[in-house]
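Undergrad: First residue of the sequence shown? That's 1 in full-length UniProt numbering, and the numbers climb one at a time after it. Below is one structure. I have some questions about it.
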Amino acid sequence: MNNVLLDLLALGAILSGIMVITAKNPVISVLFLIAVFLNVAGYLVLLGVAYLGLVYLIVYVGAIAILFLFVIMMLNLRLVELVETGQEYTKSLPMGAFLGSLFFFELLSILPVSYHDGGSLHVSLSIFNWLNTTLLGISNTDTALDSIHHSVGTEGVHAAFNPVVADSTMTTFTQIESIGHGLYTYASLWLVVASVIFLLAMVGPIVLCMSPTPTATATSKS
Numbered sequence: 001m002n003n004v005l006l007d008l009l010a011l012g013a014i015l016s017g018i019m020v021i022t023a024k025n026p027v028i029s030v031l032f033l034i035a036v037f038l039n040v041a042g043y044l045v046l047l048g049v050a051y052l053g054l055v056y057l058i059v060y061v062g063a064i065a066i067l068f069l070f071v072i073m074m075l076n077l078r079l080v081e082l083v084e085t086g087q088e089y090t091k092s093l094p095m096g097a098f099l100g101s102l103f104f105f106e107l108l109s110i111l112p113v114s115y116h117d118g119g120s121l122h123v124s125l126s127i128f129n130w131l132n133t134t135l136l137g138i139s140n141t142d143t144a145l146d147s148i149h150h151s152v153g154t155e156g157v158h159a160a161f162n163p164v165v166a167d168s169t170m171t172t173f174t175q176i177e178s179i180g181h182g183l184y185t186y187a188s189l190w191l192v193v194a195s196v197i198f199l200l201a202m203v204g205p206i207v208l209c210m211s212p213t214p215t216a217t218a219t220s221k222s
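Shown next, in the form of structure tokens:
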């Protein structure tokens with residue numbers, strides 16, 4: 001029953017994500033974005049990672065999605081203009097569909113994934129286990145992600161991991177302690193990289209929206 005609910009939530013998140021980019025009305029698009037966050041939050045809660053699920057609800061739904069709604073309602077957007085702009089982009093949909101199908105064909109043909117369990121989570125974990133074995137040289141033993149998922153699912157907020165691998169070192173920490181311990185120790189480099197990416201995402205729109213100064217305009221004309 002739990003696997004069925006996980007599959008339904010994953011399917012709902014995928015369908016809602018498709019509707020986010022295909023809906024013509026921006027308000028409807030934001031509502032589907034909220035549906036994506038709700039499905040992902042429910043997925044995480046069912047996996048036993050209740051803290052991340054609540055963070056999704058509080059941060060993404062309670063703050064970011066509501067901010068999107070306020071910005072869209074403050075802008076004077078005409079639906080006719082949005083439809084005309086969307087028609088220009090839909091001209092390249094056949095090429096996008098062809099490239100997307102080619103990518104998934106190559107992905108599914110080279111990854112040795114087992115479907116005997118029938119769950120989408122098992123398929124994802126099998127892919128990650130294969131990547132760990134191929135790229136990092138980690139054997140598919142107790143350090144595999146399926147054993148990690150089993151530990152999380154059986155022990156709830158307390159997870160006991162194999163202390164041999166540094167990236168999976170979690171003792172009797174709570175979820176918040178485990179996340180903080182992993183972020184600021186073994187994943188500190190990725191935390192810095194993510195902060196730089198977020199900084200660029202914040203500075204980029206400001207630079208794009210800046211109007212040229214009169215001095216620069218006069219210099220370019222001369």
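Where is the CB? At the ideal position from N, CA and C, for every residue including glycine.
What's the gap between the Cα of L102 and the Cα of T22?
TA: The sequence position of residue 102 within the sequence shown is 102, counting from 1. The sequence position of residue 22 within the sequence shown is 22, counting from 1. Computed Cα separation, rounded: 21 Å.
Undergrad: Could you tell me the boundaries of the alpha helix (DSSP H) in which S29 lies?
TA: Indexing the sequence shown from 1 puts residue 29 at position 29. Segment 26–47, the alpha helix (DSSP H) holding S29.
Undergrad: Could you have a look at Y184 and say whether DSSP puts it in helix, strand or coil?
TA: Taking the first residue of the sequence shown as 1, we reach residue 184 at position 184. Helix.
Undergrad: Which one of A41, V59, V30 has the shortest CA to CA distance from V71?
TA: On the sequence shown, residue 71 is found 71 positions in, with the first residue counted as 1. Looking at the Cα atoms, V30 is the closest of the given residues.
Undergrad: For P94, which residues from the same chain have a beta carbon less than 8 Å from its beta carbon, with the 5 sequence-adjacent residues on both sides left out?
TA: Along the sequence shown, one-based indexing puts residue 94 at 94. Answer for P94: no residue qualifies.
Undergrad: Going by DSSP, what residue range makes up the alpha helix (DSSP H) through T22?
TA: If you number the sequence shown from 1, residue 22 lands on position 22. Start and end: 2–22.
Undergrad: Taking the CB atoms as reference points, tell me whether L46 and L6 lie closer together than 8 Å.
TA: Your numbering for residue 46 matches position 46 in the sequence shown. Your numbering for residue 6 matches position 6 in the sequence shown. Yes, Cβ-Cβ distance for L46 and L6 is below 8 Å.
Undergrad: Look at Y56 and L44 and say whether their C-beta atoms are less than 8 Å apart.
TA: Locating residue 56 in the sequence shown gives position 56, where the first residue counts as 1. Locating residue 44 in the sequence shown gives position 44, where the first residue counts as 1. Yes.
Undergrad: Is L75 helix, strand or coil by DSSP?
TA: As a working mapping, residue 75 is identified with position 75 in the sequence shown. Residue state, collapsed to three classes: coil.
Undergrad: My understanding is that A65 touches L33, with C-beta atoms under 8 Å, so please give their C-beta distance in whole angstroms.
TA: On the sequence shown, residue 65 is found 65 positions in, with the first residue counted as 1. On the sequence shown, residue 33 is found 33 positions in, with the first residue counted as 1. 6 Å between Cβ atoms; contact.
Undergrad: Straight-line CA distance for L52 to I179?
TA: Numbered from its first residue, the sequence shown carries residue 52 at position 52. Numbered from its first residue, the sequence shown carries residue 179 at position 179. Roughly 10 Å separates the two Cα atoms.
Undergrad: Whole angstroms are fine: how far does the CA of S211 sit from the CA of M19?
TA: If you number the sequence shown from 1, residue 19 lands on position 19. If you number the sequence shown from 1, residue 211 lands on position 211. Approximately 34 Å, taken between the alpha carbons.
Undergrad: Alpha carbon to alpha carbon, how far is L191 from K24?
TA: In the sequence shown, the residue the question calls residue 191 occupies position 191. In the sequence shown, the residue the question calls residue 24 occupies position 24. Roughly 35 Å separates the two Cα atoms.
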